[in-house]
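As structure tokens, the structure follows; a few thoughts come after it.
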Amino acid sequence: MSQLEIVRLRILDLHRALLAVEREDYERLHGRVTGTAFLQALTGDPAFAWLRPLTSLIVTLDEMLEAAADLAESDRVDGIAHIRALLAPDENGNEFQRRYADALQQSPHVLLAHGAVVRAL
């Protein structure tokens with residue numbers, strides 16, 4: 029398994045952990061919802077827009093893996109650098125970085141998943 033494949037799997041775990049935290053918060057405000065209703069909220073509710081950079085990153089990784097045979101080393105290195113920059117929590121940064129910093133403090137599952145991504149990088 030390549031480094032990019034491992035990183036992708038770890039980022040998927042991180043994404044799941046973040047979704048679990050967001051679902052818990054959402055259900056605290058709106059009551060229990062079905063998986064379908066939560067998916068609709070994820071795609072349509074602006075409150076979840078902050079997660080889109082991570083979702084886009086997963087798509088980018090999938091595209092990189094599909095083109096792995098033709099992927100230049102510089103593209104792989106740039107991709108890893110982009111992941112590191114995105115997953116740098118910063119209370120004064122962009123919306124993703126701020127919300128991500130909060131999630132890291134709120135959930136040990138998110139913190140563990142973050143650590144797994146960092147180790148895979």
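Here the sequence shown stands for residues 29 to 149, numbered as in the working numbering.
C-beta atoms are modelled at their ideal positions from N, C-alpha and C, and glycine is treated no differently.
Inter-residue Cα distance where the pair is residue i and residue j
i, j, result
"residue 72", "residue 66", "10 Å"
"residue 36", "residue 102", "18 Å"
"residue 39", "residue 145", "6 Å"
"residue 30", "residue 131", "28 Å"
"residue 111", "residue 76", "20 Å"
"residue 99", "residue 148", "19 Å"
"residue 94", "residue 109", "19 Å"
"residue 107", "residue 54", "32 Å"
"residue 125", "residue 78", "9 Å"
"residue 123", "residue 74", "12 Å"
"residue 121", "residue 63", "31 Å"
Segment limits, alpha helix (DSSP H) that includes residue i
i, result
"residue 144", "136-148"
"residue 94", "80-94"
"residue 102", "101-114"
"residue 98", "Careful: residue 98 lies outside any alpha helix (DSSP H) and carries neither H nor E."
"residue 41", "31-58"
"residue 66", "63-72"
Buried versus exposed, by CB contacts within 10 Å (16 or more), residue i
i, result
"residue 33", "exposed"
"residue 68", "exposed"
"residue 89", "buried"
"residue 50", "buried"
"residue 133", "exposed"
"residue 58", "exposed"
"residue 60", "exposed"
"residue 56", "exposed"
I'd like to know if the region 110-128 and the region 67-87 are in contact, where contact means that at least 3 CB-CB pairs between them fall below 8 Å.
Segments in contact, yes.
Tell me whether the region 126-141 and the region 41-54 touch, counting them as touching only if at least three CB pairs, one residue from each stretch, are closer than 8 Å.
yes
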